[in-house]
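**Student:**
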Amino acid sequence: MTHDELLKKIDRRSVGASLLDSLAWKSLRAVVELHKPATFIGEIPLPKELSTVLCDYCFRLGYNVKYPCENIWVIEKELG
Ligand SMILES: [Zn+2]
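Numbering (this note's numbering), first residue to last: 134 to 213.
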């Protein structure tokens, strides 16, 4: 599943949710937005073929983690 597909899946699931559930979906979406495929390393744009290699947020934390990182992997698994 691509990053955009995951965001769309979250958006679809949040339609018609109660206030509490909608806050949970919004929070989950914010986490997914952080853990996106990296497009820059510092100020250097990555070539498109490399832009899906690293998780942007995990890389900024100092981890050389491929996208999808474990955070995204777990979210995808739980959403089915
Ligand atoms: Zn990550």
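Every residue, glycine too, gets a C-beta built ideally from N, C-alpha and C. Treat the numbers as computed from the prediction; the structure is a model and nothing was measured.
Please classify K199: does DSSP put it in a helix, a strand, or coil?
**Tutor:** On the sequence shown, residue 199 is found 66 positions in, with the first residue counted as 1. K199: strand per DSSP, three-state reduction.
**Student:** Over what stretch of residues does the alpha helix (DSSP H) that includes S160 continue unbroken?
**Tutor:** One-based indexing of the sequence shown puts residue 160 at position 27. Taken as a continuous stretch (DSSP letters only), the alpha helix (DSSP H) holding S160 covers 152-167.
**Student:** State the CB to CB distance for the pair I205 and L139, rounded to an integer number of angstroms; the pair is presumed to be in contact (CB under 8 Å).
**Tutor:** One-based indexing of the sequence shown puts residue 205 at position 72. One-based indexing of the sequence shown puts residue 139 at position 6. Going by Cβ atoms, the distance from I205 to L139 rounds to 7 Å, so yes, they are a contact pair.
**Student:** Using beta-carbon positions only, say whether I208 and L153 come within less than 8 Å of one another.
**Tutor:** By 1-based counting over the sequence shown, the position of residue 208 is 75. By 1-based counting over the sequence shown, the position of residue 153 is 20. Result no, Cβ atoms of I208 and L153 do not sit closer than 8 Å.
**Student:** Considering only the alpha carbon of each residue, which of G175, T135, R145 lies closest to F192?
**Tutor:** Taking the first residue of the sequence shown as position 1, residue 192 is located at position 59. Ranking the options by Cα distance to F192, first place goes to G175.
**Student:** Where the beta carbon is closer than 6 Å to any heavy atom of ligand 1, which residues qualify, in chain order?
**Tutor:** Working through the chain, the matches are H168, C188, Y190, C191, V198, C202, N204.
**Student:** Run the CB neighbour count on V165, radius 10 Å, all protein chains shown included, and call it buried at 16 or more, exposed below.
**Tutor:** Locating residue 165 in the sequence shown gives position 32, where the first residue counts as 1. Buried: at least 16 other Cβ atoms inside 10 Å.
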